[in-house]
Structure formats: C-alpha cells, structure tokens
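Notes follow the structure.
There are 2 protein chains.
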Amino acid sequence: MARRPTIHDVAAAAGVSVSAVSKAVNGRYGIAADTSARILQVVKELGYESSLVASSMRSHRTGVIGVLVADFEPFSAEILKGVGSALRESRYDLLAYSGSRHADGATGWERRSLSRLSGTLIDGAIMVTPTVVTASVEIPVVAIDPHTGRADLPTVESDSLGGALQATRHLIDLGHRRIGFLGGRPDLRSASLREAGYRRALTDAGIPFDPQLVQVGMFLTASSREPARALLSLPNRPTAIFAANDLSAIGVLQVAGELGIDVPRDLSVMGFDDIPEAIQVSPPLTTIRQPMQRLGATAAESLIALLSGETSDAMRIQLPTRLVRRATTAPPAPPA
Amino acid sequence: MARRPTIHDVAAAAGVSVSAVSKAVNGRYGIAADTSARILQVVKELGYESSLVASSMRSHRTGVIGVLVADFEPFSAEILKGVGSALRESRYDLLAYSGSRHADGATGWERRSLSRLSGTLIDGAIMVTPTVVTASVEIPVVAIDPHTGRADLPTVESDSLGGALQATRHLIDLGHRRIGFLGGRPDLRSASLREAGYRRALTDAGIPFDPQLVQVGMFLTASSREPARALLSLPNRPTAIFAANDLSAIGVLQVAGELGIDVPRDLSVMGFDDIPEAIQVSPPLTTIRQPMQRLGATAAESLIALLSGETSDAMRIQLPTRLVRRATTAPPAPPA
DNA sequence: AAACGCTGTCAAACGTTTTCGAAAAGGATT
DNA sequence: AATCCTTTTCGAAAACGTTTGACAGCGTTT
C-alpha cells in the first residue's frame with residue numbers, strides 16, 4: 120500500500136512540477152527560497168528519499184565509492200575497515216560488492232562487477248586482489264594487491280618480497296635448514312614474489328634449494344591441506360614450513376595436528392598476512408603482518424585524489440611488512 | 120574513447136533490435152536459437168555486461184541482497200563474513216552499503232539507506248544494529264541486533280541478558296564485589312538488557328546495587344574513555360568493570376594504562392562481543408562471545424526464506440553467548 | 001518599450017526490460 | 001495449389017525515477 124514515495128508524489132503533494140522538486144532537493148539554482156522551503160517541508164512529511172539508482176542513471180555521479188571483492192573473507196574484511204575509516208571524513212558513501220562467483224568463466228569476477236557498476240552507481244572503484252587488471256575508461260580504479268604483474272592501474276600493495284625474506288630468515292635464524300614452502304599459484308604476483316623471497320633467503324644463508332620442499336596451495340585453508348600433507352609425509356620432512364598466507368598456514372596447522380606432529384616442537388609454521396584469525400588458532404600463528412587496514416585506507420586516499428582530478432601516473436605504493444612472532448615457531452628439535 | 124558498450128552498441132553491431140539483445144542475454148522466450156547465438160557472440164566480442172542500475176530500474180529484481188551498516192567496524196565486518204558465507208552457495212550477490220553518516224538528522228541512517236536502495240538495486244536487506252526499525256513495504260528486511268525494543272521486523276540477535284549474567288557472575292565468582300558497569304545508551308535494547316543482566320547477577324549474589332558504579336558510554340572506544348576515567352577516579356574505585364561491548368572495554372584498558380592501574384592485578388575488565396580486536400589488545404580481553412558470523416549467516420538464511428515467499432510471522436531468533444576467558448580478569452587484589 | 005533576471009515547467013535523456021503487435025514461416029485443410 | 005490458422009520470430013515503444021537544458025511567463029529596471 121504505502122509504497123515508497125517518488126519524486127512525482129512529492130510534486131503532486133506540493134502542487135509543483137517534478138523538476139522543481141528535484142531542484143529543491145539538490146539545492147540547485149533556479150528556484151525561489153520560499154517555494155523550496157515549502158517543497159522540502161513536503162519532502163520531510165512524506166519521508167521522500169531520492170532513489171540512488173534512478174538519480175545515478177541520469178546524472179552519472181553518485182558520491183559513492185565501490186569496493187569490489189571476490190568474497191568477504193578475512194583479508195578483504197580488513198581492507199574494508201581501512202577504506203571505511205578513510206572515507207568516514209569524506210563526502211563519499213561506501214559500497215562493497217561481491218559479485219557472482221558462479222558462471223563468470225574466464226573473464227574473472229572483477230571485469231564483470233566493474234562493468235555492471237561503473238558508469239553508474241559508483242564514481243570510483245577499489246578492486247581487492249584482482250587477477251585481470253585492465254584499466255577502465257569509465258571511472259578511476261585503484262587496485263589493492265593485484266595478482267598479475269604489470270598493472271596499468273594505480274596500485275597499493277605490501278612488500279611481499281621483503282616479507283618473505285623476513286619470514287624465511289626468521290626460520291633460518293632459529294636454526295632451521297629444511298624449510299618447506301607452501302605457495303600460491305605461481306601465476307599470481309604476490310605468490311611468486313613470496314617464493315622469490317623464500318629462495319633468496321635460502322641462497323643468502325647458503326642453504327641449497329630443494330624442489331621437493333615446495334608445494335602449491337591456493338591461498339585457501341581447504342586447498343592447502345593436500346599439499347601440506349604431501350610436505351609432511353616426506354621421508355625426510357621439513358622442520359619448518361613457510362606458508363604463503365595465513366589461511367594456508369592454518370591448513371598446515373590442521374594437518375600437523377591430524378598427523379600428531381607437535382607445533383612448534385616438531386614443526387615450525389609461519390604464515391603471511393596476520394588476519395584476525397591468525398591469533399585465534401592454537402597455537403597462535405607467527406606470521407608476517409601486512410598492514411591490511413592501511414592498505415585499504417591508502418587506496419581510498421589515492422582514489423579520492425584521483426576523483427578530484429589528480430592524474431595517476433601509474434602510481435604504485437608499497438607498504439612495509441613486519442614480523443609478528445607468536446607461538447608456532449621455535450628452534451628445531453635436536454636430531455634424535 | 121572506448122566507453123563501456125551499451126545494449127545499443129551490441130544491437131547495432133549484431134544488426135538486430137535492442138529488445139532482441141535483451142532477450143538473448145537474459146535467455147528469455149521469443150528468439151530463435153541461432154539469432155541468439157549470433158548475438159551472444161557479439162556480446163562476448165564487445166565485452167558487454169548489462170548495467171545493474173539500468174536493469175534494476177526497469178525490472179525491480181536484481182538478485183542482490185543488501186547489508187546496511189552504519190559503518191564498517193569490527194562488529195559489522197564479522198557479520199558481513201557470515202552473510203557472505205551463507206550467500207556463497209545461493210544465487211544472490213552481496214552488496215554492503217554504509218550510508219551517509221553526515222546530515223541524517225533524527226531519522227537515522229537506516230531509513231535513508233534503505234529508502235535509497237530498496238525497490239531498486241536490492242531485493243532484500245539485512246540491517247545491522249539499526250536504531251529505528253520500521254518495516255519496509257517494499258522489500259523483505261531482517262534486522263540483526265536491533266537497538267530498539269519492539270521490532271515489527273524479523274530479528275536475529277544474541278542473548279544479551281544471558282551473556283551479561285555470565286559476565287557478571289564470572290567476576291563475582293572470582294571474588295569481586297565492587298563491580299562497575301560501563302553501559303551503552305539506555306534507550307538501546309541490547310544496552311539495557313546487558314545492564315539488566317548485570318543487576319540481576321548482583322541481586323542474585325546479594326550484592327547491593329550502587330548507582331555510582333554505573334556509567335554510560337556509546338559502544339565506542341573513544342566515547343568510553345571519559346566514563347571509564349570517572350569510574351576509575353572514584354574514591355573507592357571498583358575492582359572490576361564490565362563493559363557493555365569490547366570497544367568500550369578497550370577504552371577502559373587504555374584509561375587504566377594511563378592511570379597506572381595494572382590489569383588484571385588491580386582491575387579486572389570484561390567485554391562483550393569478542394571482536395577480533397579483543398585478542399589483539401594487551402592483555403587479551405576476557406569477554407562474552409557473540410557468534411557474530413553465525414548471526415550474519417542466520418540472518419541471510421532467514422532473508423532468503425522470506426524472498427522465496429515464506430511469511431515471517433515476526434520471527435525472532437536468539438543465539439547463545441559464551442564466556443571466553445583470557446587475561447583481563449583475575450581475583451581482586453587482597454585488601455592492602 | 002525593450003531588455004533583463006528570476007521562477008517554474010516541459011521534455012528529453014540515462015540503459016534497460018517487457019508488452020504488444022506485425023510479419024513471416026509452417027502446417028493442415030480444402 | 002490456394003487458403004486459413006497457428007506458431008514463431010522480431011521490432012517499436014512505453015515504462016522505471018530521476019536530472020537537466022531549453023524555454024516561457026512575468027515583474028523590474030533602464
């Protein structure tokens with residue numbers, strides 16, 4: 120019955136034209152102060168709010184920034200908090216969208232989501248860990264931690280190479296020599312950088328690289344269990360595993376528990392990211408902290424700059440990582 | 120230059136009408152199979168994606184569920200994870216919106232956001248901790264932890280009263296008798312329930328209620344610092360404080376630190392919620408765990424049921440809480 | 001009397017979906 | 001083989017709720 124009032128309802132109730140209402144609501148020039156006041160009174164009585172969709176369709180400006188994610192998992196949730204806090208003082212609203220995971224074939228979710236929202240609805244976008252990263256001509260876009268190498272997009276990411284170096288060195292400093300690596304898909308930039316850091320740290324320490332000790336997961340807990348099991352079933356199994364992200368490390372922890380391997384006594388485990396969950400597992404995970412909220416906040420600030428007319432010049436911001444030592448790493452058990 | 124292709128571009132390129140393209144893309148009845156195939160080929164070549172905004176404006180169905188939050192803080196971020204996981208297997212996309220915090224006057228953000236998005240853009244909404252909670256006639260709405268009492272909306276919430284009882288009893292069991300309460304605005308339902316639980320536990324234990332020991336915060340860290348300071352500056356200050364949520368408890372921890380009061384030796388602190396941050400503060404916070412992700416998932420399931428035609432009957436789901444003991448509570452120091 | 005500034009209305013446009021009708025294509029009946 | 005009916009295929013146009021540029025009316029100022 121009492122459906123949402125439209126601008127037509129307001130116009131009819133106030134006895135003016137639709138365009139008059141539009142001008143009054145948006146404070147446009149070309150309407151008398153008292154008429155405007157009368158209209159706004161009616162607006163208030165009826166509880167009218169302009170439809171974001173309809174207005175955006177016509178005006179192509181909405182005052183909304185979109186964050187496009189594949190999924191609301193811990194990493195993107197942290198990003199979101201950062202973006203939110205950066206936008207809190209701005210005039211922008213925040214809209215986070217997780218698009219159709221199903222049926223997107225080869226194109227990837229990001230192209231589809233971006234295409235469906237851009238030009239309308241959102242004035243600018245932040246894409247979280249996109250795989251295909253092609254610039255949009257419609258609206259400014261900033262990428263956070265893009266998975267492919269050369270991005271023609273302004274990018275904010277953390278120092279994967281340096282972080283992986285820190286992680287591996289930490290294990291080496293503890294005395295480990297057989298260190299396994301549970302990576303992500305090697306076609307993803309952050310994954311390959313982390314592997315590069317792992318290998319460089321080994322080389323620096325004069326430890327020969329053993330391909331047996333490298334397995335690939337998919338940055339997910341479930342998909343890392345199998346490779347983790349492979350690593351831990353090796354005849355001469357590693358005394359430490361560096362997983363390319365925390366979710367994978369949690370997979371390692373699970374498998375180790377099932378195999379009766381005590382962490383950290385018999386096995387040290389390192390993660391990467393420091394998602395909130397890292398501290399909730401048992402034992403709490405030693406990891407490399409990515410400043411996820413700052414990643415989000417920085418991206419938001421960059422995007423706002425872009426929106427206010429600054430040119431991007433293929434900006435690329437890199438934020439430092441930090442070792443967070445908790446309870447999953449320890450010196451290796453002395454050889455029995 | 121290469122602006123996003125519209126349905127008109129596709130139609131022109133394929134040499135058919137706009138409506139033919141629409142039918143082909145949406146798999147509607149009334150188009151020949153080979154024509155459709157030809158059109159879809161062009162669609163792929165041009166990389167066309169229908170505009171969510173334009174299509175929703177006409178059809179009023181979008182396959183998108185909206186989560187409306189005041190802000191992306193830890194609590195709503197956890198909810199979001201839960202909603203996301205519940206929706207992962209469904210055919211719905213997820214859109215989270217944090218509306219204009221500024222200039223919303225008395226009406227509250229939720230009415231404005233809901234009004235701007237409903238009827239278009241989203242098929243159903245989940246409102247996180249809304250204050251004014253009036254049913255929308257446009258689309259189904261489920262509320263999570265609404266702040267006002269009588270909700271004419273289907274609601275999912277956790278057991279604030281029971282949780283507060285648990286919390287206060289825990290402190291009493293440790294031996295505390297002067298227990299402070301740092302509440303939220305008493306007009307908010309969850310806040311008053313938590314205060315009720317606090318008082319009932321005191322009564323049950325035969326401890327007289329002292330109004331001096333009750334202060335109101337605003338469920339935020341910053342806004343709880345002043346009341347926390349008041350509590351801790353009392354001549355006969357409490358040996359324990361139960362804060363109505365974790366963010367407030369973190370405020371208490373900060374103030375205690377500044378005043379040189381050692382937690383938990385000189386002061387025990389309890390929170391409520393168990394947000395990820397609760398474990399990251401030092402010392403880690405003892406708190407009452409709300410199953411936030413389950414709250415979100417349950418709300419999503421209820422909403423999907425509503426969307427597929429089930430009637431609500433003012434459904435009200437309550438989820439249990441659980442005491443999570445960490446390091447901010449201990450028996451009171453023996454009287455010096 | 002001409003020119004101007006201010007108000008307010010008209011109508012087009014934004015990119016879709018959907019209803020409806022027309023045209024075309026078959027099939028069946030003479 | 002011609003006619004009629006049914007079915008299929010396709011396009012024209014309206015509608016969704018807004019914004020905006022052009023324009024008309026009108027009282028003022030020169």
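Sequence lines, in order, name chains B and Z. Count along the first sequence from 1, add 119, and you get the number used in my numbering. Count along the second sequence from 1, add 119, and you get the number used in my numbering. Every residue, glycine too, gets a C-beta built ideally from N, C-alpha and C.
For residue i, tell me which candidate among the options has the shortest Cα-Cα distance.
i              : options                        : result
G281 (chain Z) : Z:A363, Z:P395, Z:T181         : Z:A363
R319 (chain B) : B:A283, B:S178, B:F391, B:D393 : B:A283
A416 (chain B) : B:V135, B:S209, B:G134         : B:S209
R122 (chain Z) : Z:A244, Z:Y167, Z:A310         : Z:Y167
I291 (chain Z) : Z:T274, Z:G303, Z:L312, Z:D323 : Z:D323
E276 (chain B) : B:P451, B:P453, B:Q437         : B:Q437
R313 (chain Z) : Z:L350, Z:V382, Z:H266, Z:L351 : Z:H266
R435 (chain Z) : Z:L414, Z:V256, Z:A449, Z:P450 : Z:L414
R157 (chain B) : B:S342, B:L206, B:A347, B:K142 : B:K142
G325 (chain B) : B:A151, B:R177, B:Q160, B:I298 : B:I298
R180 (chain Z) : B:V172, B:R180, B:R177         : B:V172
I380 (chain Z) : Z:V256, Z:P357, Z:S178, Z:A152 : Z:P357
R308 (chain Z) : Z:P330, Z:V382, Z:F328, Z:D278 : Z:D278
Beta-carbon within less than 8 Å of residue i's beta-carbon, same chain only, minus the 5 sequence neighbours each way: which residues are those?
i              : result
R230 (chain B) : V251, T253
Q412 (chain B) : E197, I198, K200, G201, S204
G134 (chain Z) : none
A131 (chain Z) : none
Below 9 Å on C-beta distance, what does residue i contact in chain Z?
i              : result
Y317 (chain B) : The premise fails here: Y317 (chain B) is roughly 27 Å from chain Z at the closest Cβ pair, so nothing lies under 9 Å.
A215 (chain B) : V186, F191, L199, L213, L214, A215, Y216, S217
S175 (chain B) : V172
Return the chain-ordered list of same chain residues with a C-beta closer than 6 Å to the C-beta of residue i, the five sequence neighbours on each side being excluded.
i              : result
M120 (chain Z) : Because M120 (chain Z) carries a pLDDT of 43, less than 50, the predicted location of this residue cannot be relied on, and the following value inherits that uncertainty. The answer is none, since no qualifying residue turns up.
A446 (chain B) : P402, P403
A424 (chain Z) : none
W228 (chain B) : A189, G218
G302 (chain B) : A310, E314, V335, A363
P249 (chain Z) : E229, A262, P265
D393 (chain Z) : T406, R408, V443
G316 (chain B) : L280, A283, L284
S169 (chain Z) : none
A418 (chain B) : I245, V261, I263, V275
Can you name the residues of chain B whose CB is closer than 8 Å to the CB of residue i?
i              : result
D278 (chain Z) : Neighbours of D278 (chain Z) on chain B: none; closest Cβ ~22 Å, over 8 Å.
R231 (chain Z) : E168
G203 (chain Z) : D190, F191, E192, S217
For the putative contact between residue i and residue j, defined by C-beta atoms under 8 Å, what is the C-beta separation to the nearest angstrom?
i              : j              : result
F300 (chain Z) : L339 (chain Z) : Not quite, the Cβ-Cβ distance comes to about 17 Å (not below 8 Å), so this is no contact.
P193 (chain B) : E396 (chain B) : 6 Å
S234 (chain B) : Y216 (chain B) : Contact doesn't hold; Cβ gap of about 12 Å is too wide.
L422 (chain B) : I245 (chain B) : 6 Å
I360 (chain Z) : L353 (chain Z) : Not a contact, Cβ separation roughly 11 Å.
T125 (chain Z) : A139 (chain Z) : The Cβ separation is near 14 Å, so there is no contact.
L293 (chain Z) : P410 (chain Z) : Not a contact, Cβ separation roughly 25 Å.
V137 (chain Z) : V186 (chain Z) : About 34 Å; that fails the 8 Å criterion.
Please list, in chain order, all residues of the same chain as residue i whose beta carbon is under 7 Å from its beta carbon, the five residues on each side excluded.
i              : result
R344 (chain Z) : G370, Q373, V374
V528 (chain Z) : Any property of residue 528 (chain Z) remains undetermined from this structure, which presents chain Z solely from 120 to 455.
Q285 (chain B) : I407, T440, L442
V162 (chain Z) : V129, V144
R304 (chain B) : A310, V335, M337
D385 (chain B) : A452
R288 (chain Z) : A320
P346 (chain Z) : L301, Q334, V335, G336
E164 (chain B) : none
R296 (chain Z) : I326
For residue i, which residues in chain Z fall below 7 Å Cβ to Cβ?
i              : result
R123 (chain B) : S234, S237, G238, E257
So residue i contacts chain B; which residues on that side make the cut at Cβ distance below 7 Å?
i              : result
A196 (chain Z) : A196, L199, K200
Is residue i near the ligand ATP, in the sense that its beta carbon is under 7 Å from a heavy atom of that ligand?
i              : result
R441 (chain Z) : With respect to the ligand ATP, the structure offers nothing, as it holds no ligand at all.
Please list, in chain order, the residues of the segment 378-410 of chain Z that have any C-beta partner in chain B closer than 8 Å. P395, E396, I398, Q399
Where the segment 233-262 of chain B meets chain Z: residues whose CB sits under 7 Å from a CB there: S234, R235, L236, S237, G238, T239, L240, V256, E257
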